[in-house]
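Here is the structure we will look at.
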Amino acid sequence: MKKRRDMGWYALFVLPLVFIFTTVVIIPFIIGIGYSFISWDGMPLNEKTFIGIENYTRLFADMRFITSAGHTVLFTIFSVILINILGLSFALAVTGKLRVKNAARTLLFMPYLIGGLILGYIWKFIFTDVFKSIGEMMGLTKIFFSWLLDPTYAVVAMIIVATWQMAGYIMIIYINGIQAMPEDVLEAAKVDGASFWQTLLRIKFPLIMPSFTICLFLTLSNCFKIFDVNFSLTGGGPSNATEMMAMNIYNEIFSLSNYGYGQAKAIIFFIAVAVITLIQVSITKKREVEM
Amino acid sequence: MKLRKLSSILLATTMMLSLLLTGCGTKKESAEETKTGGSTVTEAPKAEDKEAESEKPAAASKIIIFQSKVEITDQLEACAEAYTAETGVEVEVWGTTGDDYLQQLKIKLGNNQGPTVFSLAPGSESEELKAYLSDLSDLSFVGDIAANMANEIDGKIAGIPYTMEGFGMVYNKSLIDATKVTDFASFEQMLKDQKAAGINGFSLSQESYFLIGHILNTPFALQADPADYIKKLVAGEVTMQDTPEFVEFGKFMEAIRANTNNPLEVNYDTETGDFATGKTASIHQGNWSYGMFTDYDVTFDMGMMPLPISGNDKVAASVPTCWYVNSQASAEEIQAGKDFLNWLYTSETGTKYLMEEFGFIPVVATMTSPKLDPLSQSVSDYAAAGKTISWPMSKWPTGIVDVYLVPIAQEFFTTEMSGTDFLTKLSDAFVQAGK
Amino acid sequence: MKKLGKIIFEVLVVAVCLVYLFPIYIVLVNAFKNRQELYENMLALPDSLSFEYFAKAMDKMNFLRAFGNSLLVTVVSIAIIVILSSMTAWMLVRTDHKLSKVLFMIFVATMIIPFQTIMMPLMQVMGWARDTLHIPMLNTIGGLIYMNIGFGTSMAVFLYHGFVKSIPISLEEAATIDGCNKFKVFWKIVFPMLKPTTATVMILDVIWIWNDYLLPSLVLSSKTLRTIPLSTASFFGQFTIEWNLAMAGLMLTITPVIIFYLSAQKYIVKGVAAGAVKL
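Right under this line is the structure:
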């Protein structure tokens, strides 16, 4: 009797959410996998043909998709490194005995609250119009020109914007890790006459390894999946030089109406995200233990 | 015991899921069935379902309009209010950002929440979505629509034209003598002369169609059979680099790159601004750009002239957009949508909005526009004289301009790529996009 | 000497912060300029403080309406996410059974699904629900909220799950002995203890839902239903970019977020950190 009542409670507590979650995420995901095996433009009244794994084999010859994967990897590597270095430096700076530390934290975290789409619009204005006008004013047209028109600088622009957005967020997590450090260990190091760099490298870094795992995970998956900023800042241009994978999929499905094919790309994209994040977590977790 | 209960819940959940899944499955099948009969323009299938007792079903009391021309959004809303005031039919106008209009429309049509009346570019867009287009042949004014202006699909009128638009070289009459720029040599000379005088001779701008879409249209339109040429190009049977008009187009582009400001650094706003203030002698634009000059005191006369590729003496004029009625809406809604279009094109208030508020060039014989701006007048004159070429760009593979052509043009304008290489890449893009 | 170094360091930090806020400065000053002033010098302070463009942008964006919609969507979505996720997570932890483990694993695994993978099928499922079941899932605020809940649960369940595991079961057992049913036990005893995680979930979800663009753009068609990101995007219509007006619009868009942040700063910083650490 009690068991039955327990089951009732279980259902009451769990089912509503599971139901919503299933209809919104699980079912569409399964349907999506199904569509990746057909050739279709996405309009229900138009023709669908089952073509097996052709969408997937075609992927490997699609230079544009492969290039976009390359951009994504490049962008992710640079952004992840930059964001973490900057975030950690900020964290170290504002956990010291600074008078302005609270204000600094507030300001540095602010960009994270502004959505990626809006951020993209703001920076687009800066990289095109403001940069041009700075260049003309200061005679530095070699450095300050419309960055979004140059394939290399446009990627740099993407990295800068992503860094600007995420560094404050990552900083918060590192701050948390630093504050959780046992005071006595640091004190002991000081007493033993350890220098600033020794303390940093030998004591602080190992102690914040767990925060590092988290930050790496967050920056990796966020940068890899980037879409909003890409969409509003560069739109993938110039000459597709900044087209990331998410954007490529979006274009394939909506601009070129290759729905089945785009869906196949999306599935591959999902697998890539899953593999990368899993590998990263398992590697850094292992290091945490060793330390 | 516990396990059994659990599994029964699991079973219930799975059943619910499978119900949902099969539900989707059956829907797909039925959609497929409609498809077999729907390869032509669907004639209001729902009307048949309901065994259309009379010829003209009762009209719904509300319609939804979704359209791509952002410039007329405010005016269209005012027009919708006027319609409601006159007929009592409620009109809701959905907003668009312009950029993702087609994507939004497809999603909405695809999951059956489509608008009643919507717009498309006649050509590959309307062709792709033809299963969703009602037959509008029975609208009262279709007989008066100017020749070749309505969008006919499989012998039926599906799209009602918005307006006629034309583009070419919009030029400053005090800086350029149109009669002297008639071929490549004189065009290049003009660019050099202007450059020597410190003026930018000709300008494109960074937006996709203003950068490459419109200007590339001209060599296509100069082919004997543009539609056939596109088919062969996509199939890889012909290439641009072997077609004389395109080779000449390549020379034009090289001359433009060598003698004018980089169009990638110019946007529509600055392009028209520099023209209005006399810093640019000519821009590759259409009559729609006239609205951009109203912010300035323009002190010179302007006009439109053909881009003289291979001696071309015609401007590219066509219908950019048509109205369509959603065939998947209920019979009542379809009727209401048709009623609205009838009102827009025949009633005094409706035509007033079309001509005066939207600033359209008349495409229906019964309509006249009281006062056209100079550029629209130019287009209208060229059309009257039969000196127009068509817009084969509307038959290019969907999405090709933004996804393929713009990146190539960006590369062309930022490197030393030769005209021939440029054409080779463009040809490849057509093959790619047509797959 | 050491003191001097400290001052220099302090000044350096301030300098970095100012550079960091440069983009927001640009938005702010240019929102007050007319077009000519803007093109003359984009870095300078405006000649006068006229709110003309704010008023115009507010009007064009239908700002108050959009703000109301955004507020409604955010508040209701988060309230339901918090209620349902905390209940579910608690049950999953406290019921030691294979099903609980499997469900939890599924929640966690789906956290990495990119939205692009499911957006089109999702729209079809919702379209089907509307046509067949006559549940208005599309072009309604309710539908958007429903989908937000679906996307928000994974992370919320995950965060609550971690926290519930760390609280001792003894209090709950005592309450059960006193004759409380599960519902009461949860709401009277457990839920109040979950407060820190609730704060975390709310904050992370505010940042996400308030700024979300892609999902609302697919779900909402009517102008009157637009949320703030949608009306901002519509502002950047195809050709007529008027940057000064646009800057005013952007400023309007980010102001509520900044006010929210400044007023709840302490909780936000804590919440974000806590949320991340559990990941």
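Sequence lines, in order, name chains A, B and C.
Just so you know, the numbering used here puts 189 at position 189 of the first sequence, and the rest follows in order with no gaps.
Just so you know, the numbering used here puts 234 at position 234 of the second sequence, and the rest follows in order with no gaps.
Just so you know, the numbering used here puts 159 at position 159 of the third sequence, and the rest follows in order with no gaps.
Built from N, CA and C at the ideal position, the CB exists for glycine as well.
{"Check": "Under 9 Å between C-beta atoms of Leu233/A and Leu84/C", "Outcome": "no"}
{"Check": "Residue closest to Ser239/A, alpha-carbon to alpha-carbon, out of Phe252/B, Asn261/B and Leu211/B", "Outcome": "Leu211/B"}
{"Check": "Whether Gln103/B touches Phe254/A by CB criterion (9 Å)", "Outcome": "yes"}
{"Check": "Buried/exposed call for Trp197/A, threshold 16 Cβ in 10 Å", "Outcome": "exposed"}
{"Check": "8 Å CB neighbourhood of Gly213/B in its chain, flanking five on each side removed", "Outcome": "Met393, Val401 and Leu405"}
{"Check": "Own chain, CB closer than 6 Å to Ser174/B, minus 5 neighbours either side, in chain order", "Outcome": "Phe300"}
{"Check": "Sub-9 Å separation of Val70/B and Thr96/B beta-carbons", "Outcome": "yes"}
{"Check": "Minimum Cβ-Cβ distance from Lys3/A to chain C less than 9 Å", "Outcome": "no"}
{"Check": "Beta carbon proximity, Asn211/C to chain B, threshold 9 Å", "Outcome": "no"}
{"Check": "Assigned exposure category for Glu332/B - 16 Cβ within 10 Å defines buried", "Outcome": "buried"}
{"Check": "C-alpha gap between Pro122/B and Gly159/B, whole angstroms", "Outcome": "7 Å"}
{"Check": "Assigned secondary structure, Cys322/B (DSSP; H/G/I helix, E/B strand, else coil)", "Outcome": "strand"}
{"Check": "Thr255/C - DSSP class collapsed to helix/strand/coil", "Outcome": "helix"}
{"Check": "Listed by chain order, chain B residues near Leu138/C by CB distance under 7 Å", "Outcome": "Asn111 and Gln113"}
{"Check": "Per-residue contacts from Leu218/C into chain B (C-beta, under 7 Å)", "Outcome": "Ile107"}
{"Check": "Met169/B, enclosing beta strand (DSSP E) - first and last residue", "Outcome": "Glu165 to Asn172"}
{"Check": "Any alpha helix (DSSP H) of 4 or more consecutive residues that is wholly inside the stretch 382 to 417 of chain B", "Outcome": "406 to 414"}
{"Check": "Length of the line joining the Cα atoms of Thr388/B and Ala146/B", "Outcome": "14 Å"}
{"Check": "Residue-chain proximity (Phe340/B, chain C), Cβ-Cβ < 9 Å", "Outcome": "no"}
{"Check": "CA-to-CA distance, Ala109/C to Val102/C, given in whole angstroms", "Outcome": "10 Å"}
{"Check": "Between the CA atoms of Leu45/C and Thr368/B - distance to the nearest angstrom", "Outcome": "50 Å"}
{"Check": "Ser68/B to Ser119/B span [Cα, whole Å]", "Outcome": "6 Å"}
{"Check": "Of the residues Phe13/A, Leu88/A, Ile203/A and Asn46/A, the one placed nearest Thr213/A, counting alpha carbons only", "Outcome": "Leu88/A"}
{"Check": "Any alpha helix (DSSP H) of 4 or more consecutive residues that is wholly inside the stretch 135 to 192 of chain C", "Outcome": "141 to 166 and 170 to 177"}
{"Check": "Inter-residue Cα distance where the pair is Leu21/C and Ser79/A", "Outcome": "19 Å"}
{"Check": "Exposed unless 16 or more other CB atoms sit within 10 angstroms - verdict on His134/C", "Outcome": "exposed"}
{"Check": "Supposed close pair Asp205/C, Pro229/C - CB separation, criterion 8 Å", "Outcome": "That belief does not hold up - the Cβ atoms of Asp205/C and Pro229/C are roughly 15 Å apart, past 8 Å."}
{"Check": "Interface partners of Phe144/A on chain C, CB under 9 Å", "Outcome": "By Cβ distance, chain C contributes nothing, its closest Cβ being about 12 Å from Phe144/A, past 9 Å."}
{"Check": "Simplified DSSP state of Met244/A, which is helix, strand or coil", "Outcome": "coil"}
{"Check": "Segments of 3+ residues assigned as beta strand (DSSP E) that fall wholly inside the stretch 249 to 317 of chain B", "Outcome": "282 to 286 and 302 to 305"}
{"Check": "Three-pair Cβ contact test at 8 Å for the stretch 196 to 207 of chain B versus the stretch 310 to 321 of chain B", "Outcome": "no"}
{"Check": "Whole-number beta carbon distance between Ile159/A and Phe75/A, since they are thought to touch under 8 Å", "Outcome": "6 Å"}
{"Check": "Beta-carbon neighbours of Lys182/C, restricted to chain A and to distances below 7 Å", "Outcome": "Trp9"}
{"Check": "Three-state secondary structure (DSSP) of Phe127/A", "Outcome": "helix"}
{"Check": "Between the CA atoms of Phe131/A and Lys142/A - distance to the nearest angstrom", "Outcome": "11 Å"}
{"Check": "Cβ contact (3+ pairs, closer than 8 Å) linking the stretch 140 to 160 of chain C and the stretch 4 to 12 of chain A", "Outcome": "no"}
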